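Contents: one structure, followed by commentary.
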Amino acid sequence: MHQPYGPPPAFLSPAASNYHIRAGSAAVDAGVDAGVTTDVDGELRVRAPDIGADEMRAVYLPLVMRTYP
74 MHQPYGPPPA
84 FLSPAASNYH
94 IRAGSAAVDA
104 GVDAGVTTDV
114 DGELRVRAPD
124 IGADEMRAVY
134 LPLVMRTYP
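Just so we're aligned, residue 74 is where the sequence shown starts under the numbering used here, counting upward by one.
Below is the structure:
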């Protein structure tokens, strides 16, 4: 895929027609708020929107802190 501007968007699997963007993609949070509130999957667009039809959803893992004697 030819990208005339900037780095490639880092799709998950373009060969399998999976054009969701992966974490770390240059498209994440690089869009402009155009008043579109949901992405192609119906997920909300919050904060800075991603470029393209998909809004990448980060997965946050819980932090477990343990102390050992």
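C-beta atoms are modelled at their ideal positions from N, C-alpha and C, and glycine is treated no differently. For clarity, every value in this text was computed on a predicted model and none was experimentally measured.
In this structure, Val113 lies near Asp127, with their beta-carbon atoms less than 7 angstroms apart. Within the same chain, and ignoring the five residues on either side of Ala83 in sequence, the residues whose Cβ sits closer than 8 angstroms to its Cβ are Ile94, Arg95, Gly97, Ser98, Ala99, Ala100.
Rounded to whole angstroms, the gap between the alpha carbons of Thr111 and Ala89 is 23 angstroms. Burial check for Gly125: the Cβ neighbour count within 10 Å reaches 16 or more, so the residue is buried. With respect to Gly104, Pro80 sits apart: the two C-beta atoms are not nearer than 7 angstroms.
Closest option to Leu85, judged by alpha-carbon separation, among Tyr141, Leu136, Pro135, Met129: Met129.
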